[in-house]
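Next comes the structure, spelled out in structure tokens:
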């Protein structure tokens, strides 16, 4: 069965802008509460700007905890979030090192060790 739908009424500029604003708020940094720039997510699931999180961790070298839930966190245990947009936004804190690279684990292979036979 194939369903054919009529295109709905187009959204006005204001409605489309409001929807975009709602979408951007979903990806807010949990430190600066702005749209996350160079976004990273912690293993506990919280989203941050990389410059904000880097600064947070540098200020507290002896207490490396998530600003939201206080779970253990470190610079090498955050995951970068990649989007389709490549627009570069200047951040006044550009002196921070680049965000960590994503980690790729190799798939396990089923091999037989001939040493045991």
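In UniProt numbering, the protein residues as written are 1 to 117. Positions of the beta carbon are idealized from the N, C-alpha and C atoms, including for glycine.
1) Out of curiosity, what's the CA-to-CA distance linking residue 31 and residue 57?
2) Mapping the DSSP letters down to three states, classify residue 80 as helix, strand or coil.
3) DSSP three-state call for residue 57: helix, strand or coil?
4) Identify the continuous beta strand (DSSP E) that holds residue 40 and give its terminal residues.
5) Taking C-alpha atoms, which residue in 99, 107, 73, 47 lies nearest to residue 62?
6) Does the separation of the CB atoms of residue 41 and residue 78 fall below 8 Å?
7) Rounded to a whole number of angstroms, what is the C-alpha to C-alpha distance between residue 102 and residue 34?
8) Following the continuous beta strand (DSSP E) through residue 48, name the residue where it begins and the one where it ends.
9) Can you tell me which residues form a DSSP beta bridge with residue 35?
10) Note down, in chain order, each residue of its chain lying with its Cβ closer than 8 Å to the Cβ of residue 118, except the 5 sequence neighbours on either side.
11) By how many angstroms is the C-alpha of residue 39 removed from the C-alpha of residue 81?
To lay it out plainly:
1) Counting from 1 along the chain shown, the entry for residue 31 is found at position 31. Counting from 1 along the chain shown, the entry for residue 57 is found at position 57. Straight across, the Cα-Cα distance linking residue 31 with residue 57 is about 12 Å.
2) Counting from one through the chain shown, the residue named residue 80 turns up at place 80. Assignment of residue 80 by DSSP, reduced to helix, strand and coil, places it in the strand class.
3) Your numbering for residue 57 matches position 57 in the chain shown. Residue state, collapsed to three classes: helix.
4) Counting from one through the chain shown, the residue named residue 40 turns up at place 40. That run of the beta strand (DSSP E) goes 39-42.
5) Along the chain shown, one-based indexing puts residue 62 at 62. It is 73.
6) One-based indexing of the chain shown puts residue 41 at position 41. One-based indexing of the chain shown puts residue 78 at position 78. For residue 41 and residue 78, yes; Cβs fall inside 8 Å.
7) Position 102 of the chain shown, counted from the start, is the residue given in the question as residue 102. Position 34 of the chain shown, counted from the start, is the residue given in the question as residue 34. Straight-line Cα distance between these residues: approximately 23 Å.
8) Start at 1 with the first residue of the chain shown, and residue 48 comes out as number 48. Residue range 47-49 is occupied by the beta strand (DSSP E) that includes residue 48.
9) Walking along the chain shown from the start, residue 35 turns up at place 35. Answer is 28, bridged to residue 35.
10) The first residue shown for the chain is 1 and the last is 117, placing residue 118 beyond what the model contains.
11) Taking the chain shown and counting its residues from 1, one reaches residue 81 at position 81. Taking the chain shown and counting its residues from 1, one reaches residue 39 at position 39. In a straight line, the C-alpha of residue 81 is about 5 Å away from that of residue 39.
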